[in-house]
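Novice:
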Amino acid sequence: EIVEVSNVIHQNHHEDAPGRIPELASESAGMEAEKSVEPLDPFPPESFDLTVLQPRLSVDPTLLRGISLRKSLRKLGRIWMTKPSQLTATDHQVLSGASVKVDRFDVFISHTWETSAKLKIWALTLQTGWRCIVVSWLVFNLLAAFLCINGSLPYLNPYWFTQGSWSGWVVMSPWMRLAGILSFAVGLAVAAYWPNWPRSDLAFVDVVSIDQADPSMTQRGVYGLGGFLALSRELMVLWSPPLFTRLWCVFELAAFRKANPSGKIVLAPLYVEVLVGLILLWLLFMQLLHFLLYTFVPASQIFVFLGLLPILLCIHQARITFGQKRQLLANLRKFDLSLASCSNDFDRRFIYAGIRAWYGSYEAFTEYVRGPVFQELVSPLLTFQVPLRYWILIGLFEMSSLLEFTVAFIRGGAPIETVLSQLLASVLSQVLWRLVSMQLVFFLCDRCSLSGLGCIDLLVTFGIWLLVVAFLFGSFQLTGFAEANGLALSAASVLLAAVASFFSFGGCTCLMRRLSPNGVSFKSNDSPVLHERQGPKRSSSKPDVSPALGENQA
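FYI, in our numbering the residues of the sequence shown are 2 to 555.
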């Protein structure tokens, strides 16, 4: 007798459609004639037979198909744009041609289709393509600087400049900032075609790695997720607010840690890339406004005032984003398995059977998520830090416009000491101070996330803006004074900015952690030890005879 099930697996992976699972039917033949499966609310009975639904940590090798994470972003991320329930016959052909046979995965992508596809595409593009953007920036800016210095590109505004004992005409042109903007656009566009360097990025992406055209193959793939996770080196969780409310996402977390005690779980909150995008948009606005005002309206005061106004919107959005971070922390700290939703009862039975077999009881798994998982995933988020790669991108984008003055000095025949003073004080030092100011914004927004009181929230946002404006004004005065007083003070200003950057970005804490032999109390590849009621410990000599493990995993 064949067990009737639905073909939907959770909204995180598949669509609603009736179907059959022959392999599960063969395991349960003779049992379902005597016992019917009733809906579960919220848990299945403790006596539920695990031989009927037995989540395996092994998978049929013929089902293993993967795709390069960069390749999945080609054609404007078409793979991520269409939900499995909306796939057409043409889409099935595209997906089939995009995947390749593999024997294991570098990364398993855990996500939910309820989250904006554009947001996931943007986040993955930055994560995988930042090196491509850096190379593009170097090529475009070096070429623009060479052409400007040689006079191959026209200039717009010459002005008389005096610094120390030198005076001369300095010719300004927008080519460096335009090169910076163009380099980022080109880098983002070709990032999906960047070679898989320095490491492979072969990924499990549900809509590609699981056959979506053949319902029977879809069922086999979905109910074999535990096996896919067992063959994945890393689990990357693209976190958004709905993620941990989906039971299948919880299942992926449970199966991966059981299958890969030493595997790496990476929590990648999508709000990080949102904040980076806001900063890049603000810098783009500043650079375009600076060019227009200095070309047509020679009034730097107007430029400074108008250029800093958009920071208000960035600060307010950042406070909203940090509110989402606090929601993530609260969701994990108060995790309740019974509140995780699932699209049908059969899937719920399947997931609960695996959790009970792997962790001993539902309560044990709940405590595991609230304890070791919370420590492993959330500890890095308690003190918000933008990854270094993103600060590099932000710094390079800002540096392009500042290098216009350096190029203008060289073209105007300024002495080498004047050029070096300008480069150190008004380019390198100024970039570092601006990065520190952005870190200050994140620190204040993290500590003062939205309270839900409209007027108070607006006042707090305005207060943070005033502090940031005052900080930027002070840095302008400091670097300007250093540049005007020679090379020694310019070098000192860079050193001071570098020290401030080191401390603001947590360099001291990182250094102490590296120097201390016991600096890290919980590593990402440490498999948490379960309580006695959850099963044998890792150090126990008793083998784990959980029925959910495949023979090759015992």
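Using N, Cα and C, we set each Cβ at its ideal position, and we do this for glycine too.
Using only alpha-carbon positions, find the residue among Val108, Asp458 and Gln128 that is nearest to Gly278.
Specialist: One-based indexing of the sequence shown puts residue 278 at position 277. The shortest C-alpha separation from Gly278 is found at Gln128.
Novice: Does the Cβ of Lys119 have 16 or more other Cβ atoms within 10 Å, making it buried, or fewer, making it exposed?
Specialist: As a position in the sequence shown, residue 119 is number 118, starting the count at 1. Label assigned to Lys119: exposed.
Novice: Could you say if the segment 66-73 and the segment 198-207 meet the contact criterion of at least three C-beta pairs nearer than 8 Å?
Specialist: Result yes; three or more Cβ-Cβ pairs closer than 8 Å.
Novice: Would Ala146 and Leu404 be called neighbours here (beta carbons separated by less than 8 Å)?
Specialist: One-based indexing of the sequence shown puts residue 146 at position 145. One-based indexing of the sequence shown puts residue 404 at position 403. Taking 8 Å as the Cβ cut-off, Ala146 and Leu404 qualify as a contacting pair.
Novice: Under 8 Å, do Phe472 and Leu441 count as touching if we go by C-beta distance?
Specialist: Taking the first residue of the sequence shown as 1, we reach residue 472 at position 471. Taking the first residue of the sequence shown as 1, we reach residue 441 at position 440. Result yes, Cβ atoms of Phe472 and Leu441 sit closer than 8 Å.
Novice: Evaluate Lys121 with the Cβ neighbour count: other Cβ atoms within 10 Å of its Cβ, from every protein chain shown; 16 or more gives buried, anything less gives exposed.
Specialist: The count along the sequence shown starts at 1 and reaches residue 121 at position 120. Result: buried.
Novice: Just to confirm, are Leu329 and Pro270 a CB contact at a threshold of 8 Å?
Specialist: Position 328 of the sequence shown holds residue 329. Position 269 of the sequence shown holds residue 270. Their beta carbons are under 8 Å apart, which means Leu329 touches Pro270 by this criterion.
Novice: Under 6 Å Cβ to Cβ from Thr561, same chain only, skipping five residues before and after it: list those, please.
Specialist: The structure shown does not extend to residue 561, since the chain spans only 2 to 555, so no value can be given for it.
Novice: Residues in its own chain within less than 6 Å of Gly188 by CB, not counting five upstream and five downstream?
Specialist: The sequence position of residue 188 within the sequence shown is 187, counting from 1. Cβ neighbours of Gly188 beyond the five flanking positions: Cys133, Ile134 and Ser137.
Novice: I'd like to know whether the C-beta of Leu496 is nearer than 8 Å to at least one C-beta of chain B.
Specialist: Looking at the structure shown, chain B is missing, and only one protein chain is on hand.
Novice: In whole angstroms, give me the CA-to-CA distance for His317 and Ser153.
Specialist: Counting from 1 along the sequence shown, the entry for residue 317 is found at position 316. Counting from 1 along the sequence shown, the entry for residue 153 is found at position 152. Between His317 and Ser153, the C-alpha separation is close to 44 Å.
Novice: Taking Ser168 as part of the beta strand (DSSP E), name the residues at either end of that continuous run.
Specialist: As a working mapping, residue 168 is identified with position 167 in the sequence shown. Element bounds for Ser168: Trp167 to Met173.
Novice: Between the segment 415-426 and the segment 437-451, do at least 3 Cβ pairs fall closer than 8 Å?
Specialist: No: fewer than three Cβ pairs fall under 8 Å.
Novice: Can you find the residues in the same chain that come closer than 7 Å, C-beta to C-beta, to Ser502, ignoring five residues on each side of it along the sequence?
Specialist: The residue you call residue 502 lines up with position 501 of the sequence shown. Cβ within range, chain order: Leu433, Leu436 and Val437.
Novice: State yes or no: is the C-beta of Met177 within less than 8 Å of the C-beta of Tyr156?
Specialist: Counted from its first residue, the sequence shown places residue 177 at position 176. Counted from its first residue, the sequence shown places residue 156 at position 155. No, the pair does not count as a contact, with Cβ atoms beyond the cut-off.
Novice: List, from N- to C-terminal side, the alpha helix (DSSP H) runs of 4 residues or more that fit wholly inside the segment 316-381.
Specialist: As far as the segment 316-381 is concerned, its whole alpha helix (DSSP H) runs of at least 4 residues are 346-360 and 363-369.
Novice: Taking 8 Å as the cut-off, does the segment 453-467 touch the segment 381-396 (at least 3 CB pairs, one atom from each stretch)?
Specialist: Flag = no, the segment 381-396 and the segment 453-467 do not touch.
Novice: List, from N- to C-terminal side, the alpha helix (DSSP H) runs of 4 residues or more that fit wholly inside the segment 83-124.
Specialist: Correct list: 90-99.
Novice: Could you tell me how far apart the beta carbons of Met237 and Ser111 are, in whole angstroms, since I believe they sit closer than 8 Å?
Specialist: Against the sequence shown, residue 237 aligns to sequence position 236. Against the sequence shown, residue 111 aligns to sequence position 110. Confirmed, about 7 Å.
Novice: Does DSSP classify Phe205 as helix, strand or coil?
Specialist: Start at 1 with the first residue of the sequence shown, and residue 205 comes out as number 204. Looking at Phe205 - three-state DSSP - the assignment turns out to be strand.
Novice: Let me confirm a value: Phe406 is counted as buried when at least 16 other C-beta atoms fall within 10 Å, else exposed. Which label applies?
Specialist: To locate residue 406, count along the sequence shown from 1; it is residue 405. By the 10 Å Cβ count, Phe406 comes out buried.
Novice: To which residues of the same chain is Val60 closer than 8 Å at the C-beta, ignoring the five residues directly before and after it?
Specialist: Position 59 of the sequence shown, counted from the first residue, corresponds to residue 60. Cβ within range, chain order: Gly225, Gly227, Gly228, Phe229, Ala231 and Leu232.
Novice: Taking the straight line between their C-alpha atoms, what separation do you get for Arg371 and Leu314?
Specialist: On the sequence shown, residue 371 is found 370 positions in, with the first residue counted as 1. On the sequence shown, residue 314 is found 313 positions in, with the first residue counted as 1. Approximately 35 Å between the Cα atoms of the pair.
Novice: Which residue's Cα is closest to the Cα of Val171: Gly414, Leu468 and Phe482?
Specialist: Taking the sequence shown and counting its residues from 1, one reaches residue 171 at position 170. Cα-wise, what sits closest to Val171 is Gly414.
Novice: Using C-beta distances below 7 Å, list every residue in its chain close to Trp240, excluding the 5 sequence neighbours before and after it, in chain order.
Specialist: Numbered from 1 along the sequence shown, position 239 holds the residue referred to as residue 240. Correct list, in chain order: Leu268, Ala269, Pro270, Leu271 and Leu329.
Novice: If you run the structure through DSSP and keep just helix, strand and coil, what is Pro62?
Specialist: One-based indexing of the sequence shown puts residue 62 at position 61. Three-state DSSP puts Pro62 in a helix.
Novice: Report whether the distance from the Cβ of Ile393 to the nearest heavy atom of the ligand HEM is below 7 Å.
Specialist: In the structure shown, the ligand HEM is absent, as is every other ligand, since no ligand is present at all.
Novice: Within this structure, are the beta carbons of Val209 and Ala99 separated by less than 8 Å?
Specialist: Residue mapping note: residue 209 aligns to position 208 of the sequence shown, counting from 1. Residue mapping note: residue 99 aligns to position 98 of the sequence shown, counting from 1. Closer than 8 Å, so yes.
Novice: Kindly indicate which residue of Ser184, Lys259 and Thr63 has the alpha-carbon position closest to the one of Thr219.
Specialist: Here the question's residue 219 lines up with position 218 in the sequence shown. Nearest C-alpha to Thr219: Thr63.
Novice: Do Leu125 and Lys259 have their CB atoms nearer than 8 Å?
Specialist: Translated into the one-based positions of the sequence shown, residue 125 becomes position 124. Translated into the one-based positions of the sequence shown, residue 259 becomes position 258. Taking 8 Å as the Cβ cut-off, Leu125 and Lys259 do not qualify as a contacting pair.
Novice: Within 10 angstroms of its Cβ, does Asp348 collect 16 or more other Cβ (buried), or is it exposed?
Specialist: The sequence position of residue 348 within the sequence shown is 347, counting from 1. So Asp348 ends up on the buried side.
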